[in-house]
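Report on the following structure.
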Amino acid sequence: MCPNCVLNQAGAWIWLGPGLVCLAFAIIAGYFLYQAKQLGAFEGDEEEAKHIIFED
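All residue numbers for the sequence shown refer to the working numbering, where the first residue is 11 and numbers rise by one.
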């Protein structure tokens, strides 16, 4: 069968796999963001951080 015929027969279910992979990455990123906030990685002055980064 041609690939287009296979995709047409699968219908909306063909997006389930990539959607689950994307969801898994989003959950993992959210978990790491939560952990970083718990460890205090985002504490400090934002303006000072901007000047340190762009101090060239």
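We treat Cβ as the ideally placed atom computed from N, Cα and C, and that holds for glycine.
Using a Cβ-Cβ cutoff of less than 7 Å, which residues in the same chain neighbour residue i once the five nearest sequence positions on both sides are dropped?
i	result
L49	none
C32	none
F52	A46
Ignore the nearest five residues each way along the sequence and tell me which others in residue i's own chain have a CB closer than 8 Å to its CB.
i	result
C15	none
How about residue i: is its Cβ closer than 7 Å to a heavy atom in the ligand HEM?
i	result
E58	By its list of ligands, the structure shown contains no ligand whatsoever, and the ligand HEM lies outside what it can speak to.
Legend entry - Any alpha helix (DSSP H) of 4 or more consecutive residues that is wholly inside the region 18 to 57: The region 18 to 57 contains, as complete alpha helix (DSSP H) runs of 4+ residues, the segments 26 to 49 (chain order).
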